[in-house]
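The end of the sequence shown is residue 437 by our numbering, with every number in the run present.
A virtual CB, placed ideally from N, CA and C, is assigned to each residue, including glycine.
Bear in mind that the values here come from a model prediction, so they are computed numbers and not experimental data.
Notes for the one structure printed next.
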Amino acid sequence: TLTGLFNRRRFSEELQKSISHAKRYERSGAILFFDLDQFKDVNDTSGHKVGDDLLRRVSERLRIEARDSDLIFRLGGDEFAMLVREVDIEGAAKVASRLCDALNGVEVLGNSRVHRVSTSIGVALFPDHGEYVDDLVANADIAMYQAKASGRNGWHIYSPEEQDRERTHERVYWNEKVKEALSTDSLGVAFQPIQNIAQQKLSHFEALLRVSDDDGKPLPTFKFIQSAEASGLIQEVDLRIVDKVLAYKRELERRGVAAVFAINLSGISFRNPNLYDEIARKLNHYGVNPEEIIFEITETSAVEDAVSTAEKMRDIKKLGCKFALDDFGVGFSSLYHIKQLPIDLVKIDGSFVRHLATEAEDRALVKAVVEVSKVFGLTTVAEFVENQEILDILRELGVDYAQGYHISKPEPFDTIWGDGASQEGVIGAD
Numbered sequence: 008t009l010t011g012l013f014n015r016r017r018f019s020e021e022l023q024k025s026i027s028h029a030k031r032y033e034r035s036g037a038i039l040f041f042d043l044d045q046f047k048d049v050n051d052t053s054g055h056k057v058g059d060d061l062l063r064r065v066s067e068r069l070r071i072e073a074r075d076s077d078l079i080f081r082l083g084g085d086e087f088a089m090l091v092r093e094v095d096i097e098g099a100a101k102v103a104s105r106l107c108d109a110l111n112g113v114e115v116l117g118n119s120r121v122h123r124v125s126t127s128i129g130v131a132l133f134p135d136h137g138e139y140v141d142d143l144v145a146n147a148d149i150a151m152y153q154a155k156a157s158g159r160n161g162w163h164i165y166s167p168e169e170q171d172r173e174r175t176h177e178r179v180y181w182n183e184k185v186k187e188a189l190s191t192d193s194l195g196v197a198f199q200p201i202q203n204i205a206q207q208k209l210s211h212f213e214a215l216l217r218v219s220d221d222d223g224k225p226l227p228t229f230k231f232i233q234s235a236e237a238s239g240l241i242q243e244v245d246l247r248i249v250d251k252v253l254a255y256k257r258e259l260e261r262r263g264v265a266a267v268f269a270i271n272l273s274g275i276s277f278r279n280p281n282l283y284d285e286i287a288r289k290l291n292h293y294g295v296n297p298e299e300i301i302f303e304i305t306e307t308s309a310v311e312d313a314v315s316t317a318e319k320m321r322d323i324k325k326l327g328c329k330f331a332l333d334d335f336g337v338g339f340s341s342l343y344h345i346k347q348l349p350i351d352l353v354k355i356d357g358s359f360v361r362h363l364a365t366e367a368e369d370r371a372l373v374k375a376v377v378e379v380s381k382v383f384g385l386t387t388v389a390e391f392v393e394n395q396e397i398l399d400i401l402r403e404l405g406v407d408y409a410q411g412y413h414i415s416k417p418e419p420f421d422t423i424w425g426d427g428a429s430q431e432g433v434i435g436a437d
């Protein structure tokens, strides 16, 4: 591998073992979660080779600073973690301070420019700040961004009390944003092309939710969706997006332009007993070809109530629509779901795609997904394809479709097809 450090999977394994040990023997430890400030600028101005050289130098410095009992991990890109066993809050603070100072001296030359490293470190203690890997990592990540907000090149220890106040404020803010977007009908859609790898031409487009603040500045979509799910408004959001996409689809069919669209549905929407009726009514209203509509549902959402979800999926498929299982590989017993759910496409999660060039385990997993999918007559889509090297590897592995910034970033309808589709006759979500 590029740095010779342990990877994300090993990180999860070692952290869970350390948490269990700390709980059992009433000890404590810490994880330090950090990335390199402004690392993207290094790649953009001096190229990826210089960026890779910088990552190697950072890794070497981390090895020098680590104790024999500490473990260092590269989680991906410029993200690193250090697992420090047998340490209390004061000791963790000293380690974080020492790392900041040590990494601040790392530099690399690229295009006659010296790039110097600074880092922002988030610290979370176990088991106090989390007894499970996901919780602890989330809290360390929160602390890291608090360090960045304080001016970068620093560290911050997670504080539950501080975070509770911030979470309450954030929850209220996003709940209002969801209600406002629905009341003003200001939900937007961007379309990301998906390429047929073998034919080297576009196959279909994923419709992605877009929201903006009052000044037109884009807002984080994932936070909007999280709030909509928590507040019970995600079903209405989903149906509004279905309306907008089908209206665009009708406009393209009117022009004689062929286009297949994939639309995301939250797992919560499958709890709606009227979901089939809603979709059937909308397809009939817009009069579009249902065989050119794909609905995407994440694997983790699909298995929350797998029997009921599968039944609703089968009903909707009778209308002519297809289904894609999104973020495949993240949930449990993934291959079992391929057999049980009535899906047509498998979308391989980007966490297994991003590092195909350097991670043999990821390559083996993607190959296995492709082989199993072929047995069941399913097509495969790889997400987060960000360079030609990854695309070439996917072609070798037999993946059918590719999606990511190397193919195209998401674009508004007008940018791709011109002359905005008429929204006249868009029916409500109710």
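- For Ala-389, the closest C-alpha among the options Gln-202, Phe-302 and Glu-311 is that of Gln-202.
- Membership of His-136 in any alpha helix (DSSP H) is not indicated, and neither H nor E is assigned to it by DSSP.
- The beta-carbon distance between Thr-365 and Leu-12, rounded to whole angstroms, is 11 Å. This is too long to meet the 8 Å contact definition.
- In this structure, Pro-225 lies near Ser-219, with their beta-carbon atoms less than 7 Å apart.
- The secondary-structure analysis by DSSP pairs Val-94 with nothing; it has no beta-bridge partner.
- DSSP places Leu-39 within a strand segment (E or B) once states are collapsed to three.
- The residue from Phe-198, Glu-393 and Phe-277 with its alpha-carbon nearest to that of Lys-251 is Phe-198.
- Of the candidates Val-196, His-136 and Asn-279, His-136 places its Cα closest to the Cα of Ala-29.
- Asn-118 sits exposed, since fewer than 16 C-beta atoms from the chains shown fall within 10 Å of its C-beta.
- In this structure, the CA atom of Asn-271 is about 44 Å from the CA atom of Val-94.
- When the Cα atoms are used, Leu-209 and Pro-200 turn out to be separated by approximately 6 Å.
- Annotation for Arg-31: no residue places its beta carbon closer than 6 Å to its own, counting only its chain and skipping 5 residues before and after.
- Beta-bridge annotation (DSSP): Pro-225 is paired with Ser-219.
- Look at the segment 53-132 and you find these whole runs of alpha helix (DSSP H), each 4 residues long or longer: 55-72 and 96-110.
- For the 7 Å CB-CB criterion, Glu-311 and Gly-274 form a contact.
- Here Ile-164 is bridged, per DSSP, to Val-130.
- Beta bridge pairing from DSSP links His-211 with Ile-201.
- Taking the C-beta atoms as reference points, Gln-242 is found no nearer than 7 Å to Val-140.
- The straight-line gap separating the alpha-carbon atoms of Ala-103 and Met-151 is approximately 11 Å.
- Two segments are said to touch when three or more pairs of C-beta atoms, one from each, lie closer than 8 Å; by this definition the segment 112-132 touches the segment 46-53.
- Nearest to Lys-155 by alpha-carbon distance, out of Gly-129, Arg-178, Gly-98 and Val-144, is Gly-129.
- Taking all protein chains shown into account, Leu-116 has fewer than 16 neighbouring C-beta atoms within 10 Å of its C-beta and is therefore exposed.
- Burial of Glu-258 is indicated by the presence of at least 16 other C-beta atoms within 10 angstroms of its C-beta.
- In this structure Asn-182 is in contact with Ser-238, their Cβ atoms being roughly 5 Å apart against a cut-off of 8 Å.
- Look at Gln-410 here: in three-state DSSP terms it is strand.
- In the DSSP assignment, Ala-269 falls within the beta strand (DSSP E) that extends over 268-271.
- Taking the Cα of Gly-112 as reference, the smallest distance to any Cα among Gln-153, Glu-67 and Leu-132 is reached at Glu-67.
- A residue is called buried once 16 or more other Cβ atoms fall within 10 Å of its Cβ, and His-362 is buried on that count.
- Val-373 is a Cβ neighbour of Ile-355, given a cutoff of 7 Å.
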